Each structure stands twice: as C-alpha cells, then as structure tokens.
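*Asks:* Below are the structure tokens for one structure; questions will follow.
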C-alpha cells in the first residue's frame, strides 16, 4: 500500500501538464473548453483525494511500512538524496485533509471562474499547486520538501498576478514573491546545516539523529528553519505580504492564504520537533514571534472594513497561536489546531463572496469601543503598525539608492574612462552581409548612438574596429566566391567531425594524462 503515496501528488501534476499544454496549443481555450478543463482538474484532484483516503485507511490498519523510496536522485561523495516519501502518521493525515480541501475548492472554482479570461490558466496553476503542496507534505527528505515549497510559492505568485493587466496586482505579487524568498534563505541554510551535522537530509533520519546534536547545533538548525516558517506563515515582520496577496481570485486566496499553503510553516516546525526540543532559545523565539503576531493581527483586524483583509489577519493571528503552542511544547494540540483551522478557514473564505447576501437586514457591528476611544491605537491599527513602511525604509529604499548610485557610477565614471567600443553595426556578421549582397539587398546604415566610442579605451577600440571592418570588406567579402563558400562549409563540417572525434572520453583522458606527465 505504500506505493499509493506516489499517486497522490502525481495525478494533479499530470492534469496540470495536460491543461497547460492544451491551453498553450490552443486546444483548450475559451468558454467552449471550460467543461473539459474542469473535468480534467476535478477528476485528477478527486482521485488524488481518494488515493489519500485509501493510504490513510491502510495506515490505520497498520498495512504501511512507513516510507517508500523510488531510488537515488542525487549522489555526491557522502551526500545521497533519495526520491522518497513518508506513508505513515501525521504526513498522511494532513495530506488527506489538504487533498479533500483542494477537491472542494476545485469544484467551487468551476462556477466561480466561469467565463473568466484566465479560466484554463487558473486550473492549470491550481493543479500544479495541488501537486506541489502534496509533494511537500509527503516528501521523505528536506530537499524534496524544499522543491514543493518553491513550486507552491511560484503558483502563489502566478495567481496573485492573475489579473496581470492591473498594476496593483503586479506590484503586490512581486512584493509577496520577494518576501517569501527571504524565508527561502533560511530554508537552504537549514538544509545545509542539517547535512553538515547529521550527514543526512531524510526527515526520519533527522528525527532519530537529533539526540546527537549539541544545543548550539540544534539551535542553529531550528533558527534557520524558523525563518522560513515565519516568512511562509506570515508572521511578524513578514505579515504585510498576506494582505497584499488578496489580489488573487477568492478560490486562490482560500487555498493559499486561508487553509493550505500558509499552514506549511507550522508543518515545517512540527517536522523538526526533536530539534526544537533541544533548542530552548529557538522555542522561546517561536513563543515571542507568535505572541507578537497574534497581538498585531488581533489589533489590526479590528479596523479592517473588507472581509478578505479581516480573514487574512485572522489567519495570521491563529497561526501565531500555533507557533506559541509549538514553543510551549504542545505539539499535538498545535497540529489539531492546524487541521481545525484549515477546515474553518476554508468555509469562511469560500462564503466571503456571498457575505452581502448573508448579512442582509443585519446591522453592521461597530468597531470595538475601546480602540475607538484611543485615536493613536485606531490610527496604528488602520496603518497596520506601519510594517510595510518600515520594510520600505529599511530594505527597499536603501537598495534602490544603491542601485541608482551604481548606475550613476557606471554611466559617468566607468564609461568615460573605459569607453564603449564601436563595433561595425552595418552588418550582423560577415556571412549575413554576404547573403544580403547575393540577394541584392542593400540595407541602409544604422545609426546607433550606443555604438559610438567614448573615452580613451573606447576611441582606440573604435579605430581598431573600423580598420578591421575595412580589411574584411576589401579583401574577404569582395574577394569571396561561391566555390570558396562551399569549400568553407566542407572544411567546417570536417572540423566539426574532427572535434567530436577528439572530444571522446578516452582521448580527453589521454590528453589530461599527457598534460600531467609533461607538467611533472
């Protein structure tokens, strides 16, 4: 039964390829093909859900061995990365829950996205995301988890920028993408430290070898993965990206930022439970960041006037509570909290479009009277504690100024001293110019101010290029004939064959050995 674990991410991946290629080739386009696209997506994700339930039942009946390896993906010295999966325990439970949620969202999206310009693009990305997140959860090693982590982040970017003709959507998608890449730095460092100190990248090996780690080693690994988890789960100071991500369609907001993807940070911390247990400082960081995020999200959520923003900050606040629970050592409680939150948040996001209908004839609840009487607190809540502005001031603006200074130095200092070479721009190449002359074409000279030499080095290069072009034009292009051209082509083929003959492995080895002997 362990082999079923492969089908869970594979089925949505196949459907993503089918829909993607069908859309690019023009086979799936417009309203006429919506039923075909919806059928492929819904059936693949539903079948993946059924396979996940089958694997879960087999695990409950103790039919699974716990892991499945399909072979070695990469091997270098002591580094061996397998293509393996976990088919037992919490990973299977969470994969089953997420597969069920993805199936519900996929069916909901058929009517919601009906007659949208990007209908087929949406379902291709949704299926790819389903494959990525299920692979992330079921992968048996940190590298495989990272691949799922990155692909799901890419899908998130593609659906935030769904309405790519809107400048706000493109800006927000870019900000979200860059912010999550900061967390990827911590993930990569965590993988590197894990391999350096345990000689393994497998999750099961890491849990068994965690007892051999010193406190400092465990703290280093835990802090690196914590950075990745905080960025992915929108914890302070990364919280602002979550509200920006609401530019995408409601189904994508549900699957990414309400229930599934945003929970992967808590999942990552849970997978490192033995490591965090040996790192009290990292546990304290989880409690601190979780507390700050929960408080920040609660205060900001009090003054949000649109439903999706309110749900976004409610989500980040609940995730903050989960990090607190992990930091306090209540790991089982945190996991139950994660699963329950995913179910409830899915329902709330999917019903958000019908909110105006549901609250008809119901009075609007006023803001909390305590915060309404405190102007400074009300302003801070509306401005979301200026986290976005602080990130601009600390990161974005300094980098922009540095780029401006480097560009100015390049334009006004380096170019003046070194100069820009002036190549012969009347022809792209000698052969291209010859072909133009043979067909009788006489292209007009192109005036390109960029190609004009400047500076001392530029003037020297320009003069040399002019002299070379004159020599080539007088003695090569005008003196060459058809026979010479055919001869040149034959010589070129012979040279290519000789090169392929010489580059055979045995001759390369002989050449290297000869060079080493001569050197000694």
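In this note's numbering, the protein residues as written are 103 to 622. For glycine and all other residues, C-beta sits at the position ideal for the given N, C-alpha and C. For clarity, every value in this text was computed on a predicted model and none was experimentally measured.
(1) So, helix, strand or coil for residue 167, using DSSP?
(2) Looking only at its chain, what residues have a beta carbon closer than 7 Å to the beta carbon of residue 277, apart from the 5 residues adjacent to it on each side?
(3) Which term fits residue 117, buried or exposed, when burial requires 16 or more other beta carbons within 10 angstroms of its beta carbon?
(4) Residues in its own chain within less than 6 Å of residue 292 by CB, not counting five upstream and five downstream?
(5) So which of 131, 406, 174, 246 has the shortest CA-CA distance to residue 217?
(6) Within 10 Å of its beta-carbon, does residue 555 have 16 or more other beta-carbons around it, so buried, or fewer, so exposed?
(7) Spatial neighbours of residue 195 within its chain, please: C-beta separation below 6 Å, excluding the five flanking residues on both sides.
(8) Report the rounded CA-to-CA distance for residue 411 versus residue 359, giving the unit in angstroms.
(9) State the beta-bridge partners of residue 187 as determined by DSSP.
(10) Considering Cα atoms alone, identify which of 334, 406, 296, 365 is closest to residue 243.
(11) Output the distance between the C-alpha atoms of residue 222 and residue 388, rounded to the nearest integer angstrom.
(12) Could you give the DSSP three-state label for residue 407: helix, strand or coil?
(13) Look up residue 492 in the DSSP assignment and give the residues it is bridged to.
(14) Measure the C-alpha to C-alpha separation of residue 121 and residue 174 and round it to an integer number of angstroms.
(15) Within the continuous alpha helix (DSSP H) that includes residue 431, where are the two ends?
(16) How would you write the range of the alpha helix (DSSP H) that residue 339 sits in, first residue to last?
(17) Since residue 264 and residue 351 should fall inside the 8 Å C-beta cutoff, what is the C-beta to C-beta distance between them, to a whole number of angstroms?
(18) Roughly how far, in whole angstroms, is the beta-carbon of residue 481 from the beta-carbon of residue 447, given that I think they are within contact range, below 8 Å?
(19) For the pair the stretch 363-372 and the stretch 298-312, tell me if three or more CB-CB distances fall below 8 Å.
(20) Let's test the definition: count the other Cβ atoms within 10 Å of the Cβ of residue 181 and tell me whether it reaches 16, buried, or not, exposed.
(21) Kindly indicate the opening and closing residues of the alpha helix (DSSP H) around residue 292.
(22) Can you tell me the Cα-Cα spacing of residue 111 and residue 237, whole angstroms?
(23) Given that a residue counts as buried once 16 or more other Cβ atoms are within 10 Å of its Cβ, and exposed if not, what is residue 166?
(24) Measure the Cβ-Cβ separation of residue 371 and residue 331 and say whether it is below 8 Å.
(25) In whole angstroms, what separates the C-alpha of residue 109 from that of residue 153?
(26) Would residue 357 and residue 231 qualify as a contact pair, given that the criterion is a beta-carbon distance under 8 Å?
(27) Return helix, strand or coil for residue 464, following the three-state DSSP convention.
(28) Provide the residue span of the alpha helix (DSSP H) that contains residue 156, from first to last.
(29) Would you grab the beta carbon distance between residue 156 and residue 169 for me? Rounded to a whole angstrom, and I think it's under 8 Å.
(30) Classify residue 471 as buried or exposed, calling it buried when 16 or more other Cβ atoms lie within 10 Å of its own Cβ.
(31) Mind checking which residues open and close the alpha helix (DSSP H) that includes residue 507?
(32) Let me confirm a value: residue 133 is counted as buried when at least 16 other C-beta atoms fall within 10 Å, else exposed. Which label applies?
(33) Looking at C-beta atoms only, is the number of pairs between the stretch 242-259 and the stretch 313-320 that lie closer than 8 Å three or more?
(34) Between the C-alpha atoms of residue 56 and residue 284, what's the straight-line distance to the nearest angstrom?
(35) Within a Cβ cutoff of 7 Å, which residues of the same chain sit near residue 420, ignoring the five residues on either side of it in sequence?
(36) State the Cα-Cα distance for the pair residue 220 and residue 266, rounded to the nearest angstrom.
*Replies:* So, from the listed chains and residues:
(1) Coil.
(2) Closer than 7 Å at Cβ, skipping near neighbours: 343, 346.
(3) With a threshold of 16 other beta carbon atoms within 10 Å, residue 117 meets it and is buried.
(4) Only residues of its own chain outside the window of five on either side were considered, and among them 323, 326, 327 have a CB closer than 6 Å to the CB of residue 292, listed in chain order.
(5) Answer by Cα proximity: 131.
(6) Low confidence applies here, because residue 555 scores a pLDDT of 48, under 50, leaving its location unreliable; read the following figure in that light. When all chains shown are included, residue 555 counts as buried.
(7) Excluding residues within five positions, none has a Cβ falling inside 6 Å.
(8) Roughly 11 Å separates the two Cα atoms.
(9) BP columns for residue 187 point to 170, 241.
(10) Residue 296 is the option with its Cα nearest to residue 243.
(11) In this structure, the straight-line span from the alpha carbon of residue 222 to that of residue 388 is close to 40 Å.
(12) Annotated three-state conformation of residue 407 is coil, per DSSP.
(13) Beta-bridge pairing links residue 492 to no other residue.
(14) A direct Cα-Cα distance of roughly 30 Å separates residue 121 from residue 174.
(15) No alpha helix (DSSP H) contains residue 431, which DSSP labels as neither H nor E.
(16) Counting along the chain, no alpha helix (DSSP H) covers residue 339, and no H or E run does either.
(17) Rounded, the Cβ-Cβ distance is 6 Å, consistent with contact.
(18) Not really, about 29 Å apart at Cβ, beyond 8 Å.
(19) No, they do not touch.
(20) Classification of residue 181: exposed, given that the 10 Å Cβ count is below 16.
(21) For residue 292, the uninterrupted alpha helix (DSSP H) run begins and ends at 269-300, by DSSP.
(22) Annotation: residue 111 to residue 237 spans about 6 Å, alpha carbon to alpha carbon.
(23) Counting of Cβ neighbours within 10 angstroms places residue 166 among the buried residues, the total reaching 16 or more.
(24) Yes; because the gap between Cβ atoms is below 8 Å, this pair is in contact.
(25) For residue 109 and residue 153, the distance between alpha carbons rounds to 7 Å.
(26) Yes.
(27) Of the three classes helix, strand and coil, the one that applies to residue 464 here is coil, per DSSP.
(28) 136-162 is the extent of the alpha helix (DSSP H) around residue 156.
(29) With a Cβ gap of about 17 Å, residue 156 and residue 169 do not count as contacting.
(30) Exposed: under 16 other Cβ atoms inside 10 Å.
(31) Run containing residue 507: 499-511, per the alpha helix (DSSP H) assignment.
(32) Here residue 133 is exposed, its C-beta having fewer than 16 other C-beta atoms within 10 Å.
(33) Under the three-pair Cβ rule at 8 Å, the stretch 242-259 does not count as touching the stretch 313-320.
(34) The displayed coordinates of the chain run from 103 to 622. Any statement about residue 56 would go beyond what the structure contains.
(35) Take residue 420, set aside five residues on each side of it, and the residues of its chain with a beta-carbon closer than 7 Å to its own are 443, in chain order.
(36) Rounded to whole angstroms, residue 220 and residue 266 show a C-alpha spacing of 10 Å.
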